[in-house]
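If you read the sequence shown in my numbering, its first letter stands for residue 1339, the second for the next number, and so on.
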Amino acid sequence: MDIIKVNEELIDNHQLINWLSELPQDGAIVTFMGKVRCFEKQTLSLYLEHYAEMTEKVLANIIANARKRWQLSRVVVIHRVGEINANEQIVFIGVSSAHRADSFAAAEFIMDILKNEAPFWKKERTIDGDSWVEAKKTDVDALKKWN
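#1: Quick check on the burial criterion: 16 or more other C-beta atoms within 10 angstroms. Buried or exposed for L1348?
#2: Are any of the Cβ atoms in chain D nearer than 8 angstroms to that of Y1385?
#3: Any idea what DSSP makes of V1419, helix, strand or coil?
#4: Report the start-end ranges of each beta strand (DSSP E) in the stretch 1378-1407 that is 3 residues or longer and not cut off at the edges.
#5: What does DSSP give as the partner residue(s) for M1371 in the beta ladder?
#6: In terms of residues, what are the limits of the beta strand (DSSP E) holding V1344?
#7: Q1409 to P1362, Cα distance in whole Å?
#8: In terms of DSSP beta bridges, what is R1412 paired with?
#9: Does the distance from the C-beta atom of I1433 to that of V1368 stay below 8 angstroms?
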């Protein structure tokens, strides 16, 4: 069973962790919580757009590919869109499995693939103005380990 959501709502980490923790056969739960950073450019917020008809399908496909590689029980991917202020959470990835190696690898895989394949567009709002965010070389390079 998976949970996939793309919306403007705040993410309830505690509820999601509780859901991931319910199965007694799972000895490993790995989560990743990403937030909007504010450093060099003094980011005020990110504005995220997405292709609604496709985004959740792409996320479901990413999870399906993770399930082909590792033995997973529960998977959750929540991604916010709209205006997200600096220091606010933007994404939650959670994976439960019997063993930690599967959970760690799958969570990292899901995040790496999401960063590169999910149809999100980010506009960064800074004190100097707005600009669209380009893909980072480090995110593209992270895909190499999964080929």
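Glycine residues also receive a C-beta, built at the ideal position from the N, C-alpha and C atoms. These numbers were taken from a predicted model, which means no experiment stands behind them.
According to the data block:
#1: exposed
#2: Absent from the structure is chain D; it holds one protein chain and no more.
#3: coil
#4: 1381-1388
#5: F1430
#6: 1340-1345
#7: 15 angstroms
#8: Partner(s): none; R1412 has no beta bridge.
#9: Residue identity differs from the one stated: residue 1433 is Val in this sequence, not Ile. Yes, the Cβ-Cβ distance between V1433 and V1368 is below 8 angstroms.
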